[in-house]
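Participant:
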Amino acid sequence: MKADQESKIRVGLPVPFIRSLRSNEGTPMKGMTLTLGQRLADQLRRSQSGEAWHGPSLEEILEGVTAKQAAAHPIAGGPSIWELVLHIAVWQKHILDRIERGGMAEIPDELDWPKVGATTDAAWKSALAELKKINDDLARTVEKLDDAKLHAKVRGKDYDFHFMLEGMVQHNLYHAGQIALLKKVKSSM
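Each residue of the sequence shown is one higher than the one before, starting from 1 at the first, in this note's numbering.
(1) Alpha carbon to alpha carbon, what distance is there between V185 and I95?
(2) Comparing alpha-carbon positions, which option in M32, R39 and T33 lies nearest L150?
(3) Here's the rule I'm using: 16 or more other beta-carbon atoms within 10 Å means buried, otherwise exposed. How should Q170 be labelled?
(4) Under DSSP, the alpha helix (DSSP H) around S49 begins and ends at which residues?
(5) Run the CB neighbour count on H54, radius 10 Å, all protein chains shown included, and call it buried at 16 or more, exposed below.
(6) Mind pulling the alpha helix (DSSP H) runs of 4 or more residues that sit fully within the region 62–87?
(7) Pull up the CB-CB distance for L86 and A139, whole angstroms please, since I reckon it's below 8 Å.
(8) Can you check DSSP and say which residues form a bridge with K153?
(9) Please classify D42 as buried or exposed, where buried requires at least 16 other C-beta atoms within 10 Å of its C-beta.
(10) How is V190 classed by DSSP in three states: helix, strand or coil?
(11) Which two residues bound the contiguous alpha helix (DSSP H) that contains E130?
Now the structure itself:
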């Protein structure tokens, strides 16, 4: 089988939803072939907005979290929900930069975990909107990537863009789990 055929995935019912490639009725188009880039973009969107296999997405977990709750540090020495949101957004921006411009190999420590500024409701809503925007931008870029780019080595790394993007989905969900636990810790106090 050719490399470009190997990276295509057949999708048919009962796959729940392929948000970026729906028919007018809102259901996946039976028998549609997705490229690897489209499939990775779908996974990025699911990690952010929902319909994920594992459970709730970032948006679903963050629903109803107030600025005060987001800024709290219920576990001494641990990050706040807000800090996790900013961290996830930084990494998605970094991955987008790596794809589009070759980007820096590593994120400097001072940028990896940005400081939370004002802890107002408006600032919290802005942080959530920025997280959604960067996820949307990244997914739109990824769905257009061809196999050659996805299988190309990331500058300064020993892995390819495909591996890196799977890691980005995993990173989103890892921190989503932390946020879910922080919500439970806070609500039990």
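In this text, a Cβ means the ideal position worked out from N, Cα and C, and glycines have one as well.
Facilitator: Here's the rundown:
(1) As a position in the sequence shown, residue 95 is number 95, starting the count at 1. As a position in the sequence shown, residue 185 is number 185, starting the count at 1. About 31 Å.
(2) Taking the first residue of the sequence shown as position 1, residue 150 is located at position 150. Out of M32, R39 and T33, R39 has the C-alpha closest to the C-alpha of L150.
(3) Taking the first residue of the sequence shown as 1, we reach residue 170 at position 170. So Q170 counts as exposed.
(4) Here residue 49 corresponds to residue number 49 of the sequence shown, with the count starting at 1. Start and end: L36 to S49.
(5) Numbered from its first residue, the sequence shown carries residue 54 at position 54. Burial call: exposed.
(6) Within the region 62–87, the complete alpha helix (DSSP H) runs of at least 4 residues fall at 67–71.
(7) In the sequence shown, counting from the first residue as 1, residue 86 sits at position 86. In the sequence shown, counting from the first residue as 1, residue 139 sits at position 139. 19 Å between Cβ atoms; not a contact.
(8) For the purposes of this step, residue 153 is taken as residue 153 along the sequence shown, with counting starting at 1. Answer by DSSP bridge pairing, in chain order: D160.
(9) Numbered from its first residue, the sequence shown carries residue 42 at position 42. In summary, D42 is buried, with 16 or more beta-carbon neighbours lying within 10 Å of its beta-carbon over all protein chains present.
(10) Beyond the ends of the chain as shown, which are 1 and 189, falls residue 190; an answer cannot be given.
(11) Position 130 of the sequence shown holds residue 130. Its alpha helix (DSSP H) spans residues D121 to V142.
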